[in-house]
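For reference, the structure is listed below as structure tokens.
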Amino acid sequence: MTAEISILGLILEASLLVKMVMLTLMGMSVVSWAMIIKRSKVLSQASKQTEVFEDKFWSGVDLAKLYQESNKRKDELSGTEEIFYAGFTEFARLRKSNATSPDFIMEGTGRAMRVAVAREVDELETNLPFLATVGSISPYIGLFGTVWGIMHSFIALGEVKQATLAMVAPGIAEALIATAMGLFAAIPAVMAYNRFSSRVGKLEHNYATFSEEFHSILHRQAMAGRE
Numbered sequence: 008m009t010a011e012i013s014i015l016g017l018i019l020e021a022s023l024l025v026k027m028v029m030l031t032l033m034g035m036s037v038v039s040w041a042m043i044i045k046r047s048k049v050l051s052q053a054s055k056q057t058e059v060f061e062d063k064f065w066s067g068v069d070l071a072k073l074y075q076e077s078n079k080r081k082d083e084l085s086g087t088e089e090i091f092y093a094g095f096t097e098f099a100r101l102r103k104s105n106a107t108s109p110d111f112i113m114e115g116t117g118r119a120m121r122v123a124v125a126r127e128v129d130e131l132e133t134n135l136p137f138l139a140t141v142g143s144i145s146p147y148i149g150l151f152g153t154v155w156g157i158m159h160s161f162i163a164l165g166e167v168k169q170a171t172l173a174m175v176a177p178g179i180a181e182a183l184i185a186t187a188m189g190l191f192a193a194i195p196a197v198m199a200y201n202r203f204s205s206r207v208g209k210l211e212h213n214y215a216t217f218s219e220e221f222h223s224i225l226h227r228q229a230m231a232g233r234e
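Heads up, the final residue of the sequence shown is numbered 234 in our numbering, and it's a clean run with no missing numbers.
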């Protein structure tokens, strides 16, 4: 309890600039934790939705029927289902336009799915640049506060005739708190960024693989329709 009161007292007695540094770091930490929690839920949901839809897709269900089901809630689609919907929509549109070349049909279909994949990945990567920024600059912001606080302590120390450790220790301690807060903000952000980047990479690989497999299925249908 004494340590907590002491740390709080040091924060309150810090110079204005050091207080601003601490407040900035606290704000960055709170925002990054909010983003970490939200992004964790989004990625978990994306992984689950991908698994559920792929199980349904490979169960042998008729693609036209599956497309109709997706079309009923087209504003709520995401992940592989969104890629499927974009690809099948473009495939059906080009076939109805009396395009006779399977290569032309598949080129447009493939392009639509690549765009869908890119959009899904962009959505998954939301907030990751901020976490990377927090992880990169927080230690330096904390270090800046520490250097400034120590410099301020030594300037004050030079104004007295007899210097003691008891006089300089509180100033150095309050300065070091800024470094600790910088690390407190940076470490979770870096860990979350690395973890989320890995999960996004795996989902992107799944999306690309599904897109290629679905492209092959549609290509066979296009060739069969030509015959």
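Yeah, the Cβ is synthetic: ideal placement off N, Cα and C, and Gly gets one too.
Computed from a predicted structure; not experimentally measured.
Cβ-based burial, ALA123 [other Cβ within 10 Å; buried from 16]: Residue mapping note: residue 123 aligns to position 116 of the sequence shown, counting from 1. Label assigned to ALA123: buried.
Given 8 Å, three or more beta-carbon pairs between the region 29-45 and the region 184-191: Note that the region 29-45 touches the region 184-191; at least 3 beta-carbon pairs, one per stretch, sit closer than 8 Å.
Through-space distance from PHE64 to GLU220, alpha-carbon basis: Along the sequence shown, one-based indexing puts residue 220 at 213. Along the sequence shown, one-based indexing puts residue 64 at 57. For GLU220 and PHE64, the distance between alpha carbons rounds to 11 Å.
THR87 vs GLU61 beta-carbon contact at 7 Å: What you label residue 87 is simply residue 80 of the sequence shown in a count that begins at 1. What you label residue 61 is simply residue 54 of the sequence shown in a count that begins at 1. Inclusion of THR87 and GLU61 in the CB contact set at 7 Å is warranted, their separation being smaller than that value.
Cβ distance (whole Å) where LEU225 is taken to contact GLY94 below 8 Å: Numbered from 1 along the sequence shown, position 218 holds the residue referred to as residue 225. Numbered from 1 along the sequence shown, position 87 holds the residue referred to as residue 94. The C-beta distance from LEU225 to GLY94 rounds to 7 Å, short enough to meet the 8 Å contact threshold.
Those runs of the alpha helix (DSSP H) which lie wholly inside the region 79-128 and span at least 4 residues: Fully enclosed alpha helix (DSSP H) runs of 4 or longer: 86-103.
Cβ neighbours of ILE90 in the same chain (closer than 8 Å, five flanking residues each side left out): Counting from one through the sequence shown, the residue named residue 90 turns up at place 83. Answer for ILE90: MET120, ALA123, VAL124, GLU127, TYR214, PHE217, SER218, PHE221, listed in chain order.
7 Å Cβ cutoff met for ALA192 and SER36: As a first step, residue 192 is located in the sequence shown; it is residue number 185 there, counting from the start. As a first step, residue 36 is located in the sequence shown; it is residue number 29 there, counting from the start. Result yes, Cβ atoms of ALA192 and SER36 sit closer than 7 Å.
Spatial distance of ILE148 from LYS79 (CA atoms): Translated into the one-based positions of the sequence shown, residue 148 becomes position 141. Translated into the one-based positions of the sequence shown, residue 79 becomes position 72. Each residue's alpha carbon lies about 50 Å from the other.
SER205 to THR153 span [Cα, whole Å]: The residue given as residue 205 occupies position 198 in the sequence shown. The residue given as residue 153 occupies position 146 in the sequence shown. SER205 and THR153 have their alpha carbons spaced roughly 34 Å apart.
Whole-angstrom distance between LYS209 and LEU24, CA atom to CA atom: Position 17 of the sequence shown, counted from the first residue, corresponds to residue 24. Position 202 of the sequence shown, counted from the first residue, corresponds to residue 209. Each residue's alpha carbon lies about 43 Å from the other.
Residues of its chain near GLY156, where Cβ-Cβ distance is below 7 Å and the 5 sequence neighbours each way are ignored: For this step, residue 156 is matched to residue 149 along the sequence shown. Cβ neighbours of GLY156 beyond the five flanking positions: ALA21, SER22, VAL25, GLY178, GLU181, ALA182, ALA185.
Rounded straight-line distance, which links the Cα of ARG100 to that of LYS81: Indexing the sequence shown from 1 puts residue 81 at position 74. Indexing the sequence shown from 1 puts residue 100 at position 93. For LYS81 and ARG100, the distance between alpha carbons rounds to 16 Å.
C-beta atoms of VAL197 and GLY142 nearer than 7 Å: If you number the sequence shown from 1, residue 197 lands on position 190. If you number the sequence shown from 1, residue 142 lands on position 135. Yes, they are a contact pair.
Rounded distance between the beta-carbons of VAL207 and LEU131, thought under 8 Å: The sequence position of residue 131 within the sequence shown is 124, counting from 1. The sequence position of residue 207 within the sequence shown is 200, counting from 1. Between VAL207 and LEU131 the Cβ distance is about 5 Å, and since that is below 8 Å, they are a contact.
ILE43 and ALA199 closer than 7 Å at C-beta: Mapped onto the sequence shown, residue 43 falls at position 36. Mapped onto the sequence shown, residue 199 falls at position 192. Going by beta carbons, ILE43 and ALA199 fall inside the 7 Å limit.
Closest residue to ASN134 among GLU97, VAL49, GLU83, ARG227 (Cα-Cα distance): What you label residue 134 is simply residue 127 of the sequence shown in a count that begins at 1. When only C-alpha atoms are compared, the closest one is VAL49.
LEU70 versus ALA229 - alpha carbon distance: As a first step, residue 70 must be located in the sequence shown, where it is residue number 63. As a first step, residue 229 must be located in the sequence shown, where it is residue number 222. One C-alpha to the other measures close to 14 Å.
Opening and closing residue of the alpha helix (DSSP H) in which SER51 lies: On the sequence shown, position 44 is the one that residue 51 refers to. Looking at the DSSP string, the run of the alpha helix (DSSP H) that includes SER51 is 23-64.
Beta-carbon gap between LEU84 and TYR74 smaller than 7 Å: Residue mapping note: residue 84 aligns to position 77 of the sequence shown, counting from 1. Residue mapping note: residue 74 aligns to position 67 of the sequence shown, counting from 1. With respect to the 7 Å criterion, LEU84 and TYR74 are not classified as neighbours on the basis of their beta carbons.
Environment of ILE162 [buried if 16+ CB atoms lie within 10 Å]: Here residue 162 corresponds to residue number 155 of the sequence shown, with the count starting at 1. The residue in question, ILE162, is exposed, as its Cβ has fewer than 16 Cβ neighbours within 10 Å.
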